[in-house]
Each structure stands twice: as C-alpha cells, then as structure tokens.
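What follows is a single structure, written as structure tokens, with notes after it.
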Amino acid sequence: MNTTIAKSVVAIMLMVMAGCTKIQRLAYMYSDEALKPNIHRYQDGGESIYYTFNTGNRAASETFIFFYGGTGCPSWKSVMPGYVDGLSVPANVHVLNKRFVSDRSTGMFGCGKRFHEYNNIEQWVSDYSDFVLTQIKKAERPPKNVVLVGVSEGAVPAVRVAAKLPVVTHLAIIGGGGYTMRTALKTLYKKGSIFFDVDEGWKKIKAKPDSIDDTWYGNTYRWWSEIMDYDPMPYFLRLDIPVLVGMGEDDTSVPVESAYYLKSVFARTGKRNLVLKVYPGADHRLNGEGISYRQEFFSLLGRML
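Take the sequence shown: its letter number 288 is residue 288 in my numbering, and every next letter is one higher.
Set out below in structure tokens:
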C-alpha cells in the first residue's frame with residue numbers, strides 16, 4: 001500500500017470515529033462535483049491554491065466575495081460551495097487557501113514545516129491583500145461590492161485587509177469578536193468551556209516564542225506568541241463600511257462575550273456600521289440543534305449588499 005492510499009485509509013477511519021459529516025467532506029473532495037483548483041502566484045514567487053464559483057445563477061456579477069485561511073491547514077475545497085448556501089444574490093466567490101495547503105488537505109496529518117514558516121499574521125495580511133487586488137484587476141469591470149468573509153482565525157486578516165484596502169465595501173465575520181485571544185480563553189475558562197490554564201501555557205510559549213517545532217493545543221509556539229495578545233479592535237474601529245458579525249451563543253472557541261464587547265465599543269464610539277447576529281444554541285460554526293444558521297447568516301449578508 002503506497003503512502004497516499006495509506007493516508008486516505010487512515011483519514012477515513014478517523015473520520016468514521018468523528019462522524020459522518022467529515023466522511024462526506026472527504027468523499028466530496030474526491031468527487032467530480034468538487035471545485036477545481038487554481039494557482040495564485042505572489043510577487044515573491046510563492047503560491048497558493050484558490051477556488052472560484054458563482055452564486056445566483058449568473059456568471060458575471062457586480063459582487064465579489066473573498067474567503068481566506070482559517071485555523072490550521074485544511075483546504076476550503078471540502079466545504080465549498082455549500083458553505084455559502086443561503087447566499088442567493090449573484091456573486092463571484094473567490095476562496096484562497098493558505099500557502100502550502102494542498103488541494104485536498106484535511107489538516108489531519110500535520111501541516112508541514114514550510115506551512116508553519118509562513119503561518120503568521122503579517123503574511124496572512126500580505127497574501128490576502130495581494131489575492132483580492134489581483135482578482136479585481138482580472139475582472140472585466142470593477143465590482144460594485146467587494147466583500148471579505150473572515151471565519152474564526154480568518155477574522156484577523158479579514159479585518160486588517162478591510163481596513164487596509166479602500167476597494168473593500170463590506171466585511172462579514174463568523175466566530176470572531178473584539179477580544180484578544182488571551183481574554184477570550186480566560187473567559188472560556190471561567191465559563192467551563194475549556195479546562196487548560198492559559199497562564200501556565202504562556203510560561204512555556206514565552207520561553208521559546210519563535211519555535212515552530214513546539215506546539216501547545218494544536219498550534220506552534222510562534223503562532224500563540226503572535227496571536228495571544230493581538231488586539232483587533234483598532235482595525236475594527238477604522239472601518240466605516242458595513243460590518244456583519246455572526247456568533248454562536250454556545251461557541252466554545254470564541255466566547256459570545258467577545259462579540260458583545262465589540263458591539264459595546266462600536267456603540268461607545270458612535271459607530272453605527274455594525275450588525276451583530278447571535279444564534280441561539282449555536283457553536284463556532286453556527287450549527288445548533290440540527291440547524292445550520294450559516295444559511296441565515298449568508299442570506300442576511302446578501303440583503304446587505
């Protein structure tokens with residue numbers, strides 16, 4: 001049995017234990033219906049895989065929607081285009097994997113050293129900006145709406161790029177708010193949603209802050225040292241464009257309090273461009289009690305365009 005087949009067999013076995021949804025995603029990635037990969041080349045010679053598709057039964061659209069990244073190294077291929085079900089308006093959707101994330105990566109077998117070398121905030125912002133501008137430049141005519149969607153970790157570069165590029169007209173965030181990671185984790189700890197001690201972990205991380213070989217709860221020390229006290233609020237407050245945030249009430253990765261904090265700061269500073277939707281009983285992916293609230297979220301986003 002060769003290595004590729006062996007990994008596929010192991011992946012299937014692990015997904016059987018994890019539930020049928022992951023099996024379905026793996027099967028979809030190898031199906032004829034899955035999106036075909038394209039290559040985006042950066043100015044420094046590096047590259048990433050990306051995918052494009054249309055919504056609303058129209059090939060050309062005045063709306064461009066961009067996705068990028070997320071925690072770890074799974075490929076967007078496994079969830080697109082179904083992830084945006086509910087978005088009925090005509091749109092060209094462009095979805096960028098991080099560097100060194102392969103077409104069918106599940107993220108279950110490690111991400112590789114090269115991935116971790118480039119997995120940092122400034123690189124995310126640079127790569128996402130480059131991709132957005134390149135796709136707009138390739139368009140037959142400039143789009144009326146340029147929408148960035150940030151999911152979980154992807155909220156970090158999405159907010160930064162929205163604040164950086166005047167061409168961006170809307171920002172949508174799923175599973176993100178205004179807290180730093182440290183505040184978010186301590187809030188989750190107090191709520192009993194997590195059981196590890198952030199301060200104890202930080203002692204290890206700050207001793208080797210640049211290490212990409214040492215990990216803590218699934219991420220490298222360097223990732224943690226960058227993200228732990230990163231404050232998204234200054235970038236949120238630069239935005240005058242419409243901002244839509246969707247949070248699960250029972251999110252155990254980012255506490256709903258983070259979104260409420262974001263809303264309170266916007267109100268306190270007189271900003272009226274934030275729409276916050278908190279979904280009852282929903283988790284980090286906006287799933288709850290057999291319901292996927294993502295459809296409702298993307299339907300609302302469509303109405304805002």
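Glycine residues also receive a C-beta, built at the ideal position from the N, C-alpha and C atoms.
Predicted model, so just to flag it, every value in this text is computed and none were measured.
query: What does the Cβ neighbour count give for Thr106, buried or exposed, with the cut at 16 atoms within 10 Å?; result: buried
query: How would you call Ala207, buried or exposed, if buried means at least 16 neighbouring beta carbons within 10 angstroms?; result: exposed
query: State the Cα-Cα distance for the pair Glu153 and Glu140, rounded to the nearest angstrom.; result: 32 angstroms
query: Could you pull the start and end residues of the beta strand (DSSP E) that Gly46 belongs to?; result: Unbroken run through Gly46: none, as it is neither H nor E.
query: Please go through the segment 238-287 and give each complete beta strand (DSSP E) segment of 3 or more residues, from N-terminal end onward.; result: 243-248 and 274-279
query: Spatial neighbours of Gly288 within its chain, please: C-beta separation below 6 angstroms, excluding the five flanking residues on both sides.; result: Gly281 and Ala282
query: Once the 5 residues before and after Met228 are set aside, which same chain residues still bring their CB inside 8 angstroms of it?; result: Thr180, Met181, Arg182, Trp202 and Ile205
query: From which residue to which residue does the beta strand (DSSP E) around Gly306 run?; result: As displayed, the chain neither begins before 1 nor continues past 305, which places residue 306 out of reach and without an answer.
query: Considering only the alpha carbon of each residue, which of His116, Ala163 and Ser264 lies closest to Thr215?; result: His116
query: Tell me whether Ser61 sits in a helix, a strand or coil according to DSSP, three-state version.; result: coil
query: Could you check the C-alpha separation between Ile212 and Arg99 for me, to the nearest Å?; result: 16 angstroms
query: Per the contact definition of three or more C-beta pairs closer than 8 angstroms, is the segment 122-133 in contact with the segment 228-239?; result: no
query: Going along the chain, which residues of its own chain have a beta-carbon closer than 6 angstroms to the beta-carbon of Thr52, five neighbours each way excluded?; result: His94
query: Note down the Cα distance separating Gly56 from Glu296, rounded to an integer number of angstroms.; result: 16 angstroms
query: Run the CB neighbour count on Lys127, radius 10 Å, all protein chains shown included, and call it buried at 16 or more, exposed below.; result: According to the sequence as given, residue 127 is Asp; it is not Lys. Answer is buried; the Cβ neighbour count reaches 16.
query: To the nearest angstrom, how far is it from the Cα of Leu14 to the Cα of Thr252?; result: With a pLDDT of 49 at Leu14, under the threshold of 50, the modelled position of this residue cannot be trusted; read the value that follows with caution. Answer to the nearest angstrom: the Cα atoms are 22 angstroms apart.
query: Tell me Val93's beta-bridge partners as DSSP assigns them.; result: Phe53 and Ile65
query: Give a yes or no on whether the C-beta atoms belonging to Leu96 and His40 are separated by under 8 angstroms.; result: yes
query: Which partner residues of Ser126 appear in the DSSP bridge assignment?; result: According to DSSP, Ser126 bridges with nothing at all.
query: According to DSSP, is Ala162 helix, strand or coil?; result: helix
query: According to the neighbour-count rule (16 or more other Cβ atoms, all chains shown, within 10 Å of its Cβ), is Thr269 buried or exposed?; result: exposed
query: Residues in its own chain within less than 6 angstroms of Ser48 by CB, not counting five upstream and five downstream?; result: His40, Leu96, Asn97 and Arg99
query: Please list, in chain order, all residues of the same chain as Ile245 whose beta carbon is under 6 angstroms from its beta carbon, the five residues on each side excluded.; result: Inspection of the sequence shows that residue 245 is occupied by Val rather than by Ile. Excluding positions up to five away in sequence, the list reads Ile173, Ala259 and Leu276.
query: Among Val89, Phe195, Asp32 and Pro242, which one has its Cα closest to the Cα of Gly302?; result: Val89
query: Helix, strand or coil: which one does DSSP assign to Ile12?; result: Because the pLDDT of Ile12 is 47, which lies under 50, any placement of that residue in the model is unreliable, and the number read from its coordinates should be weighed accordingly. In this structure, Ile12 counts as helix in the three-state DSSP scheme.
query: My output table needs one value for Ser78: the three-state DSSP class, helix, strand or coil.; result: helix
query: Once the 5 residues before and after Val278 are set aside, which same chain residues still bring their CB inside 7 angstroms of it?; result: Met247, Glu249, Val256 and Ala259
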